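*Asks:* If you scroll down you'll find the structure; I have some questions about it.
In this note's numbering, the protein residues as written are 859 to 1131.
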């Protein structure tokens, strides 16, 4: 079945991005659910090219996630060959283009070819450092496009949690090695993690509704949303200052809150592992 409204849908999305004044976008995507935004047909590879062409027409700077979650298990990061595990669009782009990726064994970002920041080897990597790659999205003109996805795909929430040192996550470090060209080098990866073996999830319905009502996010459809990243950071910063458990769903709060009161401090890895 042909999509007769693809051009109209593209125009609406372009207008929202322009109204927000966004010239830099991190795009979380789902190629199938984003089909309303291209003139798709039976040619799967052609459809992927249409997605890429449209996405890269939307802003001056485009970033795609190239996340891979294997390092804590394998302790190996093959920088030149690691696969994106977060959708077909980033992986297709990697296979078809010469692109830079940030040097990060789990939360790497595909960057513009001319942007050389964060692509060099580092012996210690922390994805959500206050001056790391994700920090740049606090700048004016930066945004997030949920292209075929929902706010639940928004990894920036973990940057904000790290920045605010939320009480319900704890730091963990994994040592391993990375392959860069023909060299094998030591690497230490640190991030914050949810309590092992316990339910911890977010109230995405509330989070989404709050972002829309405050003008931080504009929803074009169930699976297409545009977010002003700077406004998002400031909005969430204030929410977490007011309520440390703001993001969590009720089932999480029901056990997290009493455990925190019992401990009298934030969670540590030794509390669960």
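C-beta: ideal position from N, C-alpha, C; glycine also. Keep in mind it's a predicted model, so treat the numbers as computed, not measured.
1. Examine the Cβ distances between the region 906-923 and the region 1105-1119 and report whether three or more of them are shorter than 8 Å.
2. Using a Cβ-Cβ cut-off of 7 Å (strictly less than) and excluding sequence neighbours within five positions of residue 1115, which residues of its own chain qualify?
3. Pull up the distance between the alpha-carbon of residue 1044 and that of residue 1023, whole angstroms please.
4. How many Å lie between residue 962 and residue 944 at the Cα?
5. What is the rounded straight-line gap between the Cα of residue 923 and the Cα of residue 1010?
6. Should the region 1026-1046 be called in touch with the region 990-1005, which here means at least 3 C-beta pairs below 8 Å?
7. Using beta-carbon positions only, say whether residue 1037 and residue 1094 come within less than 8 Å of one another.
8. Touch check for the region 1049-1060 and the region 980-991: three-plus C-beta pairs under 8 Å?
9. In whole angstroms, give me the CA-to-CA distance for residue 919 and residue 880.
10. CA-CA distance, residue 929 and residue 992?
11. How would you label residue 941, buried or exposed, when you count the other beta carbons within 10 angstroms and need 16 or more for buried?
12. Looking at the unbroken alpha helix (DSSP H) that takes in residue 983, where does it start and where does it end?
13. So residue 886 and residue 1005 are supposed to be a Cβ contact under 8 Å. How far apart are they, rounded?
14. When you compare the CB positions of residue 1105 and residue 977, do they come within less than 8 Å of one another, or not?
15. Could you tell me the boundaries of the beta strand (DSSP E) in which residue 941 lies?
16. What is the residue span of the beta strand (DSSP E) that residue 1031 lies within?
17. In the DSSP assignment, the alpha helix (DSSP H) including residue 1116 goes from what residue to what residue?
18. Given a cut-off of 8 Å, decide if residue 1090 and residue 1003 are closer than it, judged by their beta-carbon atoms.
19. At what residue ranges does the region 1052-1097 contain a whole run of the alpha helix (DSSP H), taking only runs of 4 or more?
20. Could you pull the DSSP bridge partners for residue 996 from this structure?
21. Which value, in whole angstroms, describes the spacing of the CA atoms of residue 925 and residue 990?
22. Thinking C-beta only, is residue 1013 closer than 8 Å to residue 935?
23. I need the boundaries of the alpha helix (DSSP H) containing residue 895, first residue and last residue.
24. Would you kindly report the start and end of the unbroken beta strand (DSSP E) that includes residue 925?
25. In the DSSP assignment, find the unbroken beta strand (DSSP E) run with residue 977 in it and report its ends.
*Replies:* A quick look at the data gives this:
1. Output reads no: the region 1105-1119 does not touch the region 906-923.
2. Within the chain shown, residue 1115 is the residue found at index 257, counting from 1. Excluding sequence neighbours, residue 1115 sits near 1103.
3. The residue you call residue 1044 lines up with position 186 of the chain shown. The residue you call residue 1023 lines up with position 165 of the chain shown. Between the alpha carbons of residue 1044 and residue 1023 lies a distance of about 27 Å.
4. On the chain shown, residue 962 is found 104 positions in, with the first residue counted as 1. On the chain shown, residue 944 is found 86 positions in, with the first residue counted as 1. Each residue's Cα considered, the two are about 15 Å apart.
5. Start at 1 with the first residue of the chain shown, and residue 923 comes out as number 65. Start at 1 with the first residue of the chain shown, and residue 1010 comes out as number 152. Spanning the two alpha carbons is a distance of roughly 14 Å.
6. Counting Cβ pairs under 8 Å, fewer than three are found: no touch.
7. Position 179 of the chain shown, counted from the first residue, corresponds to residue 1037. Position 236 of the chain shown, counted from the first residue, corresponds to residue 1094. Result no, Cβ atoms of residue 1037 and residue 1094 do not sit closer than 8 Å.
8. With three or more CB-CB distances shorter than 8 Å, the region 1049-1060 counts as touching the region 980-991.
9. Here residue 919 is taken as the residue at index 61 of the chain shown, counted from 1. Here residue 880 is taken as the residue at index 22 of the chain shown, counted from 1. So the alpha carbons of these two residues sit roughly 10 Å apart.
10. If you number the chain shown from 1, residue 929 lands on position 71. If you number the chain shown from 1, residue 992 lands on position 134. Straight-line Cα distance between these residues: approximately 19 Å.
11. One-based indexing of the chain shown puts residue 941 at position 83. That one is exposed.
12. To locate residue 983, count along the chain shown from 1; it is residue 125. No alpha helix (DSSP H) contains residue 983, which is instead part of the beta strand (DSSP E) from 982-984.
13. Your numbering for residue 886 matches position 28 in the chain shown. Your numbering for residue 1005 matches position 147 in the chain shown. 7 Å between Cβ atoms; contact.
14. Working through the chain shown from its first residue, we reach residue 1105 at position 247. Working through the chain shown from its first residue, we reach residue 977 at position 119. Cβ distance not < 8 Å, so residue 1105 and residue 977 don't count as in contact.
15. Taking the first residue of the chain shown as 1, we reach residue 941 at position 83. Unbroken run through residue 941: none, as it is neither H nor E.
16. By 1-based counting over the chain shown, the position of residue 1031 is 173. Where residue 1031 is concerned, the enclosing beta strand (DSSP E) starts and stops at 1028-1038.
17. Locating residue 1116 in the chain shown gives position 258, counting from the first residue. Counted as a single uninterrupted DSSP element, the alpha helix (DSSP H) harbouring residue 1116 occupies residues 1108-1121.
18. To locate residue 1003, count along the chain shown from 1; it is residue 145. To locate residue 1090, count along the chain shown from 1; it is residue 232. No, these two residues do not count as a Cβ contact at 8 Å.
19. Listed in chain order, they are 1062-1071.
20. Indexing the chain shown from 1 puts residue 996 at position 138. Within the DSSP bridge table, the entry for residue 996 names no partner.
21. Position 67 of the chain shown holds residue 925. Position 132 of the chain shown holds residue 990. Distance between the alpha carbons of residue 925 and residue 990: 15 Å.
22. Here residue 935 is taken as the residue at index 77 of the chain shown, counted from 1. Here residue 1013 is taken as the residue at index 155 of the chain shown, counted from 1. Against a cut-off of 8 Å, the Cβ pair of residue 1013 and residue 935 comes out as no contact.
23. As a working note, residue 895 is residue 37 in the chain shown. Annotation: residue 895 is outside any alpha helix (DSSP H) and is labelled neither H nor E by DSSP.
24. Here residue 925 is taken as the residue at index 67 of the chain shown, counted from 1. Bounds of the beta strand (DSSP E) holding residue 925 are 919-925.
25. Your numbering for residue 977 matches position 119 in the chain shown. The continuous stretches of beta strand (DSSP E) do not include residue 977, and DSSP gives it neither H nor E.
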